[in-house]
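*Asks:* Its first residue numbered 1, the sequence shown is counted upward by one per residue in full-length UniProt numbering. C-beta atoms are modelled at their ideal positions from N, C-alpha and C, and glycine is treated no differently. Treat the numbers as computed from the prediction; the structure is a model and nothing was measured. I am attaching a structure below and will ask some questions about it afterwards.
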Amino acid sequence: MEECAQRVIEWAELCLKAENPWLAEMQQIQERMSRSGAHIRSVDALKYETPEAWGQVRRLAQAG
1 MEECAQRVIE
11 WAELCLKAEN
21 PWLAEMQQIQ
31 ERMSRSGAHI
41 RSVDALKYET
51 PEAWGQVRRL
61 AQAG
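The structure is reproduced here in structure tokens:
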């Protein structure tokens, strides 16, 4: 149990040091889903949003 708690604490500390606060990241995800999520609404939006989404995934994976 202590090991799990320590990992959560370490993760939370990484979040505090992240370039973007987690709420800003969530807002980006929500906005992207509103524009382009669920059904494909626009091929142009898909071409733009897909690399943006993967960039966010990579950034979050590196930042913690």
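Could you tell me the distance, in whole angstroms, from the CA atom of Trp22 to the CA atom of Gln28?
*Replies:* Using only the alpha carbons, I get a separation of about 10 Å.
*Asks:* May I have the straight-line CA-CA distance separating Ile40 from Lys17, to the nearest angstrom?
*Replies:* So the alpha carbons of these two residues sit roughly 35 Å apart.
*Asks:* Alpha helix (DSSP H) containing Ile40: first to last residue?
*Replies:* Unbroken run through Ile40: none, as it is neither H nor E.
*Asks:* Are Leu46 and Ser34 closer than 8 Å when you measure CB to CB?
*Replies:* no
*Asks:* Could you have a look at Ala18 and say whether DSSP puts it in helix, strand or coil?
*Replies:* coil
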